[in-house]
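**Q** In this note's numbering, the protein residues as written are 14 to 215. We put the beta carbon where it would ideally sit given N, CA and C, even for glycine. One structure coming up, written as structure tokens, with questions to follow.
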């Protein structure tokens with residue numbers, strides 16, 4: 014018995030799909046970035062009240078704050094330093110599919126946040142989108158390794174070339190910077206790429 018013939022998508026349909034994904038990715042990442050700026054403006058006006066929603070290590074009562082910490086910052090300088098890499102790496106991660114991007118972001122937030130909670134200092138609140146930025150970095154590199162796709166490999170190489178020096182951020186070189194957030198965010202990104210990879214049947 015013959016199998017039904019499934020018509021292949023035309024090249025124009027494929028281009029439209031990629032264009033739609035790119036636009037959706039750009040809108041989502043810009044919206045999240047705008048939300049972080051809105052939160053920081055409110056935080057400034059409220060006397061840094063939101064800083065209390067960062068991660069304080071070893072405090073079980075603050076475990077839920079692993080979900081809020083990546084969207085808060087310790088001032089405008091901190092947020093400005095994170096904005097461009099968040100936009101670029103976030104867009105590249107989201108452009109291959111919003112659903113997988115959201116799943117990857119959740120894995121990064123949980124793994125990165127728990128890593129900070131277990132290994133960070135209990136005397137400070139850790140916050141900032143660096144967890145997500147390093148997570149997207151690891152996710153994009155991981156996709157280049159785990160996906161059998163030329164585009165993902167090209168993106169991974171480009172990210173490694175332009176953002177490769179980020180890897181030094183996982184080292185404990187500055188007591189004012191959470192290297193734990195960087196390290197475990199990166200690990201979360203690689204784990205997300207492996208978990209969400211497309212499985213190809215032989």
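#1: DSSP state of residue 81, grouped into three classes?
#2: In angstroms with no decimal places, state the Cα-to-Cα distance between residue 76 and residue 202.
#3: Mark residue 61 as exposed unless 16 or more other C-beta atoms lie within 10 angstroms of its C-beta, in which case mark it buried.
#4: From residue 114 to residue 120, what does the alpha carbon distance come to, in whole angstroms?
#5: What is the DSSP secondary structure of residue 186, reduced to helix, strand or coil?
#6: Less than 7 Å between the CB of residue 187 and some heavy atom of the ligand NAD, yes or no?
#7: Are there three or more Cβ pairs, one per stretch, closer than 8 Å when the stretch 46-58 is compared with the stretch 87-106?
#8: Flag this pair as touching only if the stretch 189-205 and the stretch 146-166 have three or more C-beta atom pairs under 8 Å; answer yes or no.
#9: What does the alpha-carbon distance come out to for the pair residue 68 and residue 126?
#10: Alpha carbon to alpha carbon, how far is residue 211 from residue 58? Give it in angstroms, no decimals.
#11: For a test of the three-state rule: what should DSSP assign to residue 139, helix, strand or coil?
#12: Pick helix, strand or coil for residue 179, following the three-state DSSP scheme.
#13: Exposed or buried, which one is residue 185 when buried takes at least 16 other CB atoms within 10 Å?
#14: In whole angstroms, give me the CA-to-CA distance for residue 162 and residue 170.
#15: Mark residue 213 as exposed unless 16 or more other C-beta atoms lie within 10 angstroms of its C-beta, in which case mark it buried.
#16: Which one of 71, 140 and 53 has the shortest CA to CA distance from residue 189?
#17: Considering only the beta carbon of each residue, do residue 198 and residue 145 sit closer than 8 Å?
#18: Can you tell me where the alpha helix (DSSP H) with residue 118 in it begins and where it stops?
#19: Residue range of the alpha helix (DSSP H) that residue 90 falls in?
#20: Do you know whose CA, among 191, 95, 183 and 88, lies nearest residue 130's CA?
**A** Walking through what the data contain:
#1: The residue labelled residue 81 in the question sits at position 68 within the chain shown. DSSP, read as helix, strand or coil, puts residue 81 in coil.
#2: Position 63 of the chain shown, counted from the start, is the residue given in the question as residue 76. Position 189 of the chain shown, counted from the start, is the residue given in the question as residue 202. So the two alpha carbons sit approximately 20 Å from each other.
#3: Within the chain shown, numbered from 1, the residue matching residue 61 stands at position 48. When all chains shown are included, residue 61 counts as exposed.
#4: In the chain shown, residue 114 corresponds to position 101, counting from 1. In the chain shown, residue 120 corresponds to position 107, counting from 1. Distance between the alpha carbons of residue 114 and residue 120: 10 Å.
#5: Working through the chain shown from its first residue, we reach residue 186 at position 173. Here DSSP, grouped into helix, strand and coil, assigns residue 186 to coil.
#6: Looking for the ligand NAD in the displayed structure turns up nothing, as the structure carries no ligands at all.
#7: As far as the Cβ criterion goes, the stretch 46-58 touches the stretch 87-106, which means the pair count is three or higher.
#8: Touching, yes, given that three or more Cβ pairs across the two stretches are closer than 8 Å.
#9: Position 55 of the chain shown, counted from the start, is the residue given in the question as residue 68. Position 113 of the chain shown, counted from the start, is the residue given in the question as residue 126. Between residue 68 and residue 126, the alpha-carbon positions lie close to 7 Å from each other.
#10: Your numbering for residue 58 matches position 45 in the chain shown. Your numbering for residue 211 matches position 198 in the chain shown. Taking the straight line from one Cα to the other gives about 45 Å.
#11: Taking the chain shown and counting its residues from 1, the one referred to as residue 139 is at position 126. Three-state result, residue 139: strand.
#12: Here residue 179 corresponds to residue number 166 of the chain shown, with the count starting at 1. The DSSP-derived three-state label of residue 179 is helix.
#13: Indexing the chain shown from 1 puts residue 185 at position 172. Exposed is the label assigned to residue 185, since fewer than 16 other Cβ atoms lie within 10 Å of its Cβ.
#14: Taking the first residue of the chain shown as 1, we reach residue 162 at position 149. Taking the first residue of the chain shown as 1, we reach residue 170 at position 157. Computed Cα separation, rounded: 13 Å.
#15: The sequence position of residue 213 within the chain shown is 200, counting from 1. Model confidence at residue 213 stands at a pLDDT of 49, short of 50, so the residue's coordinates are unreliable; what they give is reported in the following sentence. Exposed: under 16 other Cβ atoms inside 10 Å.
#16: Taking the first residue of the chain shown as position 1, residue 189 is located at position 176. Minimum Cα distance to residue 189 is reached at 140.
#17: Residue 198 sits at position 185 when you count from the first residue of the chain shown. Residue 145 sits at position 132 when you count from the first residue of the chain shown. In terms of Cβ geometry, residue 198 and residue 145 form a close pair [threshold 8 Å].
#18: Taking the chain shown and counting its residues from 1, the one referred to as residue 118 is at position 105. In this chain, the alpha helix (DSSP H) harbouring residue 118 covers 111-132.
#19: Against the chain shown, residue 90 aligns to sequence position 77. Counting along the chain, the alpha helix (DSSP H) containing residue 90 begins and ends at 89-107.
#20: For the purposes of this step, residue 130 is identified with residue 117 of the chain shown, where counting begins at 1. Among 191, 95, 183 and 88, the Cα nearest to that of residue 130 belongs to 191.
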